[in-house]
Each structure stands twice: as C-alpha cells, then as structure tokens.
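Quick notes on the structure that follows.
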Amino acid sequence: MKALHFGDIVATLAAASTPHSPSIVHALAPTPLPRTTRMSTTPVPATPEITPPPSSSTTPPSSTSSVFTAPVPSATGTQAVPPTTTPPGPQITGDAPTDTPAASPHTGRQYVAPTSGTITSSFGDGRSHQGIDIANSTGTPIVAVADGVVISSGPAQGFGLWVRIRHNDGTITTYGHNNENTVSVGQTVVAGREIATVGNRGESTGPHLHFEVQEPSGQNVDPVTWLAARDASIL
315 MKALHFGDIV
325 ATLAAASTPH
335 SPSIVHALAP
345 TPLPRTTRMS
355 TTPVPATPEI
365 TPPPSSSTTP
375 PSSTSSVFTA
385 PVPSATGTQA
395 VPPTTTPPGP
405 QITGDAPTDT
415 PAASPHTGRQ
425 YVAPTSGTIT
435 SSFGDGRSHQ
445 GIDIANSTGT
455 PIVAVADGVV
465 ISSGPAQGFG
475 LWVRIRHNDG
485 TITTYGHNNE
495 NTVSVGQTVV
505 AGREIATVGN
515 RGESTGPHLH
525 FEVQEPSGQN
535 VDPVTWLAAR
545 DASIL
C-alpha cells in the first residue's frame, strides 16, 4: 500500500466537504513539505567569560600553602637599648690607722673582761692595791682584754707567774697569780685570746686573778671603771 502524505489527507478532506471542481481541488493541494533537516548535535562553544583585571587596591588571595610570616614588631614595643658603661668612680681608701683597736675575731668586740668570777678586793681598798682581785677556781681561762703584744710572761716577785700586755694605745695590763701561762714574750694577741689560767701562785690566799690597768702616763687606774668605759664588765 502506498503511504499517504499529510498533504494528500488534507486534499481528500477538502474535496469531500466542498463541492468544488476537481481542478480547483488539485490546485489547492498543498505542496509537500520538505523534510526537516536534522539539527546538528555539535555543541556550540560558550562565549568565554571575560574577567576584569584585578584592581591595584585589591589584595591578592593568600596561598593555601603554609608560609612562615616573620612577626612585625609592635609600634608600642620596647626597643633594645645598647648597654651603657658607667665610668668608675673615685677610689675610696680606708681610714688611716688609729689608736682604737679593731673588733676581736674571737669575741666581735674591742674590749672584754679578763675573766669571770667574783671581785674579792677592789682598787685601792684602803691600802696601796694597784688593781682588783677576781676569785674563781683554778684553771679558769684568763684572756687579753684588748689587742696588743705580750711584753712579759713568766715568774714575778709576789705574783708567782704573771703576763703583761702593751695595747695599741700604750696602755699596759697585768695578769698575776696565774696557774699557767699560755703565751710568750713578743706574741701578738687579740681581745678575748686566752693567755693564762687562774691560779694560787705567789703571795696569794686562794685561787684568783690579780688584774691591773696602767695608762700610758704610767698611772694605775681602777680596772672596773676602765672596763665599764669601754662597754665591758666582769660577771
């Protein structure tokens, strides 16, 4: 069977409904439509998007890679100040030597009592007693009352054994009736240094220390007063 075209169908329907002559029908018959050209499937390239150049004021994006950025010091931070050198000041020299003895390394004081005990005879004491007597047991330590040099150490008339010391200011102290002397002539001693022990030698009625203080003028003075003036006392 012959295939019918769309135009043939239209002409047939028109002839059936309108009483026209065959020639007119034939003239009105539509011309067959050309076959529709198959559209190409080739993709049309899209119009490329034009991106305007970045503005000079735009900050480029940072890279995603890890980049070390050196810290920028704060405007308010403390700036390093170069060290300054202070010129040395004038040299301070020690005072010139004086007649006042230095503090003893044994006691930390310049003057100390010669021994401990009880004063049984005072200075003068109604007779020509040139010192004081301090009673204590035999062997009790006797010490230098101040820094000085030993000028006598040994037997002495009436004293049995004695020790005499000349101090830095010229004062001479005497320690008598000793049981034993522990220093020798010419030896330097400091305040508080042991020089002898209490005894009962010579003209003595019991163990004690006979202690005298002779000033540079040669005059004997009361040892108790002399010691008290130098913040020392016999206990």
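Be aware that the sequence shown starts at 315, since it is given in our numbering, and climbs by one per residue.
Think of the CB as a built atom: it goes at the ideal place given N, C-alpha and C, for glycine as much as any other residue.
Taking Cβ to Cβ, would you say residue i is nearer than 8 Å to residue j?
i, j, result
"Ile-479", "Gly-462", "yes"
"Gly-445", "Glu-526", "yes"
"Arg-515", "Asn-493", "yes"
"Val-464", "Ser-498", "yes"
"Ser-451", "His-491", "no"
"Asn-495", "Ala-505", "no"
"Thr-541", "Ala-449", "Note on residue identity: the sequence assigns Leu, not Thr, to residue 541. Cβ distance not < 8 Å, so Leu-541 and Ala-449 don't count as in contact."
"Thr-485", "Glu-529", "yes"
"Ser-430", "Leu-549", "yes"
Would residue i count as contacting chain D if we go by Cβ distances under 8 Å?
i, result
"Ile-433", "Of the chains in the structure shown, none is chain D; there is only one protein chain."
Assuming residue i and residue j make a contact with CB atoms under 8 Å, what is their CB distance in whole Å?
i, j, result
"Glu-508", "Ile-456", "7 Å"
Please classify residue i as buried or exposed, where buried requires at least 16 other C-beta atoms within 10 Å of its C-beta.
i, result
"Gln-424", "buried"
"Pro-537", "buried"
"Thr-412", "Note that Thr-412 scores 37 on pLDDT, short of 50, meaning its location in the model is unreliable and no value can be drawn from it."
"Gly-520", "exposed"
"Leu-523", "buried"
"Phe-382", "Per-residue confidence for Phe-382 stands at a pLDDT of 48, beneath the threshold of 50, marking its modelled position as unreliable; the derived number appears in the next sentence. The residue in question, Phe-382, is exposed, as its Cβ has fewer than 16 Cβ neighbours within 10 Å."
"Gln-533", "exposed"
"Asp-545", "exposed"
"Thr-539", "exposed"
Starting from the Cα of residue i, find the closest Cα among the options and give me that residue.
i, options, result
"Ala-543", "His-524, Thr-454, Ala-470, Val-459", "Val-459"
"Gly-513", "Trp-476, Ile-548, Leu-549, Val-535", "Trp-476"
"Gln-501", "Ser-466, Asn-534, Gly-472", "Ser-466"
"Thr-454", "Gly-472, Ala-470, Tyr-489", "Tyr-489"
Give a single yes or no on whether residue i has its beta carbon closer than 7 Å to a heavy atom of the ligand GTP.
i, result
"Val-459", "With respect to the ligand GTP, the structure shown offers nothing to examine, as it has no ligands at all."
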